[in-house]
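A short write-up of the structure that comes next.
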Amino acid sequence: MSERDVRICVVGDELSAGMGDARGLGWVGRVVARTGSEDPLFVTSLAVPDETSTALSGRWESECQRRFAPGSDNRLVVALGSADLTAGLSLARSRLNLANILDSARSQQVEIFVVGPPPRPGVDADALGALSDAYADVSTRRQVRYVETFAPLRTHDQWLADVAAGDGVHPGQAGYGLLAWLVLHNGWHDWLGLPHPA
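Mapping of the sequence shown onto this note's numbering: position 42 corresponds to residue 37, and the numbering continues sequentially without gaps.
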């Protein structure tokens, strides 16, 4: 019998909490439901709506350390959003904020998984694409897994229709299902050291 104690903190904006999902699962709940582990996983979403990477950088450690434990397999999922653009942060600042999060987590032996920002109505698509590319570059340079969500969903009919059918800002069940699929098929099981589901 395994005694692996896996603790996963998901930090990000309201999408990491599943806002707009009638089932209340969001992409995090869907991913956890499809993660076959013999050991129970402790997964918590620590979301703050419309949060910039600056604010995220300032809070992740104190919030996650309350959930982590010495000797546990402590893991961090950074679910990035588009708030940096609406707040007027420069790409350089956004890059630095993510770099600081990744470097700090790694120094504490916390394994990291990064999920990039998906397309958002009312947010300049080219600017968001550039932000996603910047986040991807920071992650890749640090050999941290990065899930690109912007490019696959930018012109995805189901994503666009699902967001439009709700409040016009947040996805519903179909959109969160697409985000979960991208996470599950871009290294999630490998990151956790688990076999891929059949």
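Here a beta-carbon is modelled for each residue, glycine too, at the ideal position from N, C-alpha and C. This one's a predicted model, so the numbers in the text were calculated from it and none came from an experiment.
Three-pair Cβ contact test at 8 Å for the segment 46 to 59 versus the segment 85 to 101: yes
Beta-ladder partner(s) of Ala74, from DSSP: Counting from one through the sequence shown, the residue named residue 74 turns up at place 79. Note: Ala74 sits in a beta bridge opposite Gly7, Val110.
Closest Cα partner of Phe63 within the set Leu36, Trp154, Gly163: Position 68 of the sequence shown, counting from 1, holds the residue named residue 63. Per the Cα distances, Leu36.
Local conformation of Asp119 per DSSP, three classes: Indexing the sequence shown from 1 puts residue 119 at position 124. If DSSP states are grouped into helix, strand and coil, Asp119 belongs with coil.
Contained beta strand (DSSP E) runs [length at least 3] in the segment 135 to 173, N- to C-terminal order: 140 to 142
Burial state of Arg18 (16 or more Cβ within 10 Å): Residue numbering aside, residue 18 sits at position 23 when the sequence shown is read from its first letter. Exposed: under 16 other Cβ atoms inside 10 Å.
Span of the alpha helix (DSSP H) around Ser48: Position 53 of the sequence shown holds residue 48. Counting along the chain, the alpha helix (DSSP H) containing Ser48 begins and ends at 48 to 60.
Candidates Val6, Ala129, Gly76, Asp68, of which the one nearest Trp55 by Cα: Within the sequence shown, the letter at position 60 stands for residue 55. That would be Val6, whose Cα lies nearest to the Cα of Trp55.
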